[in-house]
Amino acid sequence: MAKRKKPKYQIGDTVVITIYGTVGRITDVKWLDGDYLYEVNKSHGLFIESALQLFSEYDGKIMEQEHIDIEYKFFIGDLVQVSGYGADLFKVIGFRTEIWRYKEDAWEDVIYELSRINDGQWLEVGEEEMTLVADAESAETFIQKLGLLYLVDQEKSTKTPALQNMVRKAEYEEINRKKEKNELIDHLLDIYNDYRILYELFSDPEYYHVMRVVLKKLKSLVSNDGKNSHV
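The numbers in full-length UniProt numbering rise by one with no breaks, and the one at position 67 of the sequence shown is 67.
Okay, structure coming up:
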C-alpha cells in the first residue's frame with residue numbers, strides 16, 4: 001500500500017486563496033479521494049492545494065477586505081411607531097443591512113421588518129421613519145398595561161370604538177377578578193397616566209380621546225361611591 005503523501009499546508013499556516021486574492025489561516029486539513037482539502041478561517045467551503053499559496057511566497061495582489069461598523073438604533077422586540085401610521089404600534093421582528101458601493105459613492109441602509117400589534121400587518125421601513133416607544137425588555141409589559149392586546153379585531157373595527165372597548169374590557173376583567181372598586185380605579189388611573197405620557201410625546205388626538213373616556217368612567221365610579229356612602 002502506497003504511503004500517503006504529506007499535506008503541503010498545515011493547520012495555522014497563513015495562505016492566500018489565489019482565485020480571490022484574499023488572505024486566511026488554515027483551520028483544518030482533510031483527506032478525500034486521494035487529495036488534501038483545506039479549510040480556511042473555519043469557513044464551510046474547502047480548497048484544493050492548487051487554489052492556495054503560502055502568504056510568504058505570494059507575489060500577487062492582495063484584496064483588501066472592508067470593515068464596516070453599523071450602529072443599529074432598534075432591535076428585535078422593540079415597540080415603535082412609524083411615520084404616516086398615526087398611533088399604530090409595531091414590533092420589530094427583523095432587520096438587515098443593505099450595502100451600496102459605486103465608483104464615486106458608497107452608503108449603507110438599515111431596513112427594519114415590522115409587525116403591527118393590532119392585526120399583524122407586515123411592514124418594511126428605514127430607521128429614520130421610526131420612533132421608539134418601548135425597548136424589547138419592556139415591550140410586552142407596555143402592551144399589556146395599556147390593554148392594546150384587546151384591539152385585535154380581524155374582520156372590521158374602527159380605532160375609536162376599539163379603544164373604548166379596551167377600557168371597558170379591562171374594567172370588567174378587573175371587577176370580576178378583584179371584586180374591589182378601588183383596585184379598578186387604580187387600574188384606570190394607570191391607563192390614564194400612560195396615555196397622558198403618550199399624548200405629551202406624540203400629540204395624537206386618539207390618546208386624548210382615551211384619556212377622556214377613562215376620566216368619564218372614573219367620575220362615574222367616584223360618583224357612585226359618594227351615593228353609596230349616603231345610603
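From the three backbone atoms N, C-alpha and C, an ideal C-beta is built for every residue, glycine too.
Check                                                                                                              : Outcome
Residue 78 classed as buried or exposed, judged by whether at least 16 other C-beta atoms fall within 10 angstroms : buried
Beta-carbon proximity of residue 87 to residue 186, cut-off 8 Å                                                    : no
Continuous beta strand (DSSP E) stretch holding residue 113: start and end                                         : 106-116
Short Cβ contact (8 Å threshold) for residue 27 with residue 41                                                    : yes
Assigned secondary structure, residue 54 (DSSP; H/G/I helix, E/B strand, else coil)                                : strand
Selection from 196, 208, 143, 24 that minimises the alpha carbon distance to residue 58                            : 24
Residue 10 versus residue 29: straight-line alpha-carbon distance, rounded                                         : 7 Å
Backbone secondary structure at residue 25 - three-state DSSP                                                      : strand
Stretch pair the segment 108-116 + the segment 79-98: three plus CB contacts closer than 8 Å                       : yes
Distance CB(residue 192)-CB(residue 214) smaller than 8 Å                                                          : yes
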